[in-house]
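Here the numbering used here is used: the first residue of the sequence shown is 58, the next is one more, and so on.
For every residue, glycine included, the Cβ atom is placed at its ideal position computed from N, Cα and C.
To start, the structure itself, in structure tokens.
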Amino acid sequence: MDSTSLTQIISNPQLREEEFDIDGMTCASCVRHVEKALGNVTGVNKAEVNLATERARVTFAESVSVEAMIEAINNAGYKATRRLEENSHSQENEEKEKNIKRDFNKVFIAALLSAPLVAPMLLETFGIQYMLPSWAQLLLSLPVQFWLGARFYKAAWNALKAKTGNMDLLVALGTSAAFGLSLYNMYVYGNHAGHAGVGHLYFEGASIIITLVLLGKYLEARAKQQTSLAIKALQALKPEVARVRRHGQEMEISMAHVQLGDEVIVRPGEKIPVDGVVIEGSSQVDESLITGESLPVIKTVNNKVTGGAINAEGLLIVRTTVLGAETTLARIIRLVESAQAGKAPIQRLVDKVSAVFVHVVIVIALLAIFLWGIFTGSWEQAIVNGVSVLVIACPCALGLATPTSIMVGTGLAAKFGILIKDAEALEIAHSITTIAFDKTGTLTEGRPRISALYSLEHSESDFLKLVASIQNGSEHPLAKAIVIEASERGLELGNAKDVKSLPGRGVEGTIQGEKFYIGTEKLMQENGFDISDVENKVHLLKANGATVSFVAKEFLPKVIGYIAFEDKVKASSKEAIQKIHDLGIRTVMLTGDNWGAAQKIARYLNIDEVKAEVLPSDKSHIIEELKSNGGFVAMVGDGINDAPALAAAHVGMAMSTGTDVAMHSAGITLMRGNPLLIPDAISISRRTYRKIKQNLFWAFIYNLVGIPLAALGLLNPVIAGAAMAFSSVSVIANALLLKTWQPESAKNLTVSMSNNQNEYPFENLGPEKSYE
């Protein structure tokens, strides 16, 4: 589901979304016709049809029946079936393989029947004059024209019934004209037809055109399969069975019978069948096809594992936590399919052209026939030129130019751990001029540790126990650091009451009847607490890059202590920022942290601009300000408080190490916490957009050059048919060249994100850089 549809459905819960498989589409005009047919159904809010995937995605009101939409598509001359989540991908792939094999057989038979018709033309180049009798040519061409070419007549008839036009109509008209002219000459000239330049026969032209178009469609189908390899690779990760332990006994059952809480046994070398938590064992797990991480990841007790990953060496017992459509793998497949089914904004140009394309081509063909007949008197040559115009037109290339590039681009990105939610995000990302980063968990590890404790009233242990008791249960990284430290020291936490989170400031809570405040300097100022007794020490800590939380007690005029934290910068953050600068993109860091800590990190990473001490509610406002300055703004974050900013940006990028809320708000999800995926996402977007523009250029050039040449009589119908047949193949082949792209993150395999020893060296940061 793309971001626009998601927004519409959230704002209007009466809207639903369904996908349909569409059979019978051959070109951009077909896409337009199906969309128009769906749009005419009362209650349909939006319809997107993709030629490359042969699917339609429809957003509609609850009052609309699925049957009504299927009927509308069928009445337009196509066949629609509802696409269900439980549909077997393996059966679908098998069906496509059968269709491709059947297409090949048709091409083979058409070539065999056409070969004797072409042979005399080839022999003539060697000075050998030989021609089949006219009746033999007719017998050979009949099955090609009306049996193997029946698909064109059927689709053309359906288009005419729906008062539209498509590629099949052009092929049917062109070949029928050539075939009909041949029959006319046979009738007029009898046995002399085709001999001594009298009453030329065009049976070979009609047959070869159909053969070449069939060959082009076969090659196109094979090439389309290559564009969807990423989806197939993900689908292949789904295990069919799981080995579970119930009531002390092991049993092998199908995945459909696995239940939440089941203990699943995963032996070395097996795929992990479920999403869950390791309860026994330790092993290295290969998650490369899911997250793009090439290095195996160590998994031990209490670590989460993902279904589809491969267990390398140890025995694991995994307790199932997620099943079915909600597993990570199922969500990834759904997200990639959704992106591939969507329509990029640049496609609107193609939509406008395809709306009139076939009609314009037919008019040009008729004009060519009329003008050639009037000015030369040779109506036979006029018809031949008209046929050339009809068969060289390439609406299929126009229809495939954008979606094939998007399919390859999104599939390739997914392979390397970059999930692109929709085609619009992929297209917009190439235009990014500014990237705003959340600091904690994005540029830093997001696992701060306590570096200093100071209390004016309590012992260090009592002070830590007090603060940890109030922070216990909070998901904030600083709160977790406090609780972890208390746990490691073996402190027994007290029972805090009336705990209240103060977004962007801190927290308040009551212990043994006394109310305490824990948080930023701003929180202390707002509640009238004096920090002068610790100000000098805190200033020094902040100057060295530490984040400081103050602690105060109600009714006391001064703070009673503070806690300082340090958070390591991710090993690849500096290189990622450099790569982003190399792409010509400006960087901004947004953080609720103090200015001292923010500046130290920003100077080390060479961030262009810093916004420190920012409240969560203000992040989206800053994004709007950045957007108002012109250009395209991306936001990268991982927390709940980043969600509004991610949604406000032109493109939101969420780290999957963060929250589901952040990922739902983002157009792009980075499956690993590696910042190098950020320039990778922009790089694949730029490469994909370049391919889209190249494909559209060639698709338009085929038509802008070919049609006038055909109308001027400079193209033989056979050559015109070959050009049309291979135009779509060349477009797909160009899209497949995207597969040569390699991400920067994959080139830096020596960097281990799980064992980061590359902390930022504050002692050698170079000259001061002002962010005031």
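A direct Cα-to-Cα measurement between L272 and G371 gives close to 51 Å.
For P402, the number of other beta carbons within 10 angstroms of its own is below 16, and it is reported as exposed. Of all alpha-carbon atoms in I127, K281, M82 and G237, the one lying nearest the alpha-carbon of F209 is that of M82. If you check the CB distance, A792 and S462 come in under 8 Å. Inclusion of A422 and V446 in the CB contact set at 8 Å is warranted, their separation being smaller than that value. Closest by C-alpha distance to A458, out of K750, V420, I739 and V123, is K750.
Taking C-beta separations shorter than 7 Å and ignoring five residues to either side along the sequence, the partners of V524 in its chain run I539, I575, V608 and I620, following chain order.
Close CB contacts of N584 within its chain, under the 8 Å cut and outside five residues either way in sequence, are with Y574 and A609 (chain order). In the structure shown, M312 falls within a helical segment according to DSSP collapsed to helix, strand and coil. Separation of the CB atoms of L476 and L392 is rounded to 5 Å, and the pair is thereby assigned contact status at 8 Å.
Leaving aside the five residues that flank C451 on each side, the residues in its chain whose CB is nearer than 6 Å to its CB run, in chain order, Y759, N760, M781 and S784. In its chain, beyond the 5 residues on either side, I680, V690, A691 and M692 have a beta carbon closer than 6 Å to the beta carbon of A706. In the structure shown, A216 falls within a helical segment according to DSSP collapsed to helix, strand and coil. Check the Cα spacing between I267 and each of Q283, I449, E92 and S122: the tightest is with I449.
An exposed status is given to P614, since fewer than 16 other beta-carbon atoms sit within 10 Å of its beta-carbon. DSSP, reduced to helix, strand and coil, places K657 within a helical segment of the structure shown. In the displayed model, S512 falls within a strand according to three-state DSSP. DSSP places V786 in the uninterrupted alpha helix (DSSP H) bounded by P774 to L793.
By the C-beta criterion, the stretch 318 to 335 is judged to be in contact with the stretch 372 to 383, since at least 3 inter-stretch pairs fall below 8 Å.
Residues K281, T284, L457, P460, T461 and M464 of the same chain have their beta carbon placed closer than 7 Å to that of A109, with the five preceding and five following residues left out of the count. G563: member of the beta strand (DSSP E) spanning G563 to I568, first to last residue. As the crow flies, the alpha-carbon of A396 is around 28 Å from that of S685. V708: member of the beta strand (DSSP E) spanning V708 to M712, first to last residue.
When DSSP reads this structure, G333 sits in a beta bridge with V362 and T377. If only complete runs of 4 or more residues are kept, the stretch 263 to 327 shows the alpha helix (DSSP H) at 286 to 292, in order along the chain. Taking 3 residues as the shortest admissible run, the stretch 546 to 599 contains the following complete beta strand (DSSP E) segments, listed from N- to C-terminal end: 554 to 559, 563 to 568 and 571 to 576.
In the DSSP assignment, no residue is bridged to Q194.
For T726 against G466, the beta-carbon gap comes to about 15 Å, at or over 8 Å, which does not count as contact.
In the DSSP assignment, M692 falls outside any alpha helix (DSSP H) and lies within the beta strand (DSSP E) extending over F689 to G694. In this structure, D699 lies away from R504, with their beta-carbon atoms at least 8 Å apart.
Excluding sequence positions up to five before and after I336, its CB lies within less than 6 Å of the CB of I374 and R376, all in the same chain and listed in chain order.
Short of 7 Å from the beta carbon of A299, and not among the five residues preceding or following it, lie these beta carbons of its own chain, in chain order: I310, M312, V315, V321, P330 and V331. If you look at F117, you'll find it in the beta strand (DSSP E) that goes R112 to A118. If you look at Q751, you'll find it in the alpha helix (DSSP H) that goes L734 to A768. One thing to note: T577 has its Cβ no nearer than 8 Å to the Cβ of G566. When rounded, the separation of the alpha-carbon atoms in A633 and T644 is 11 Å.
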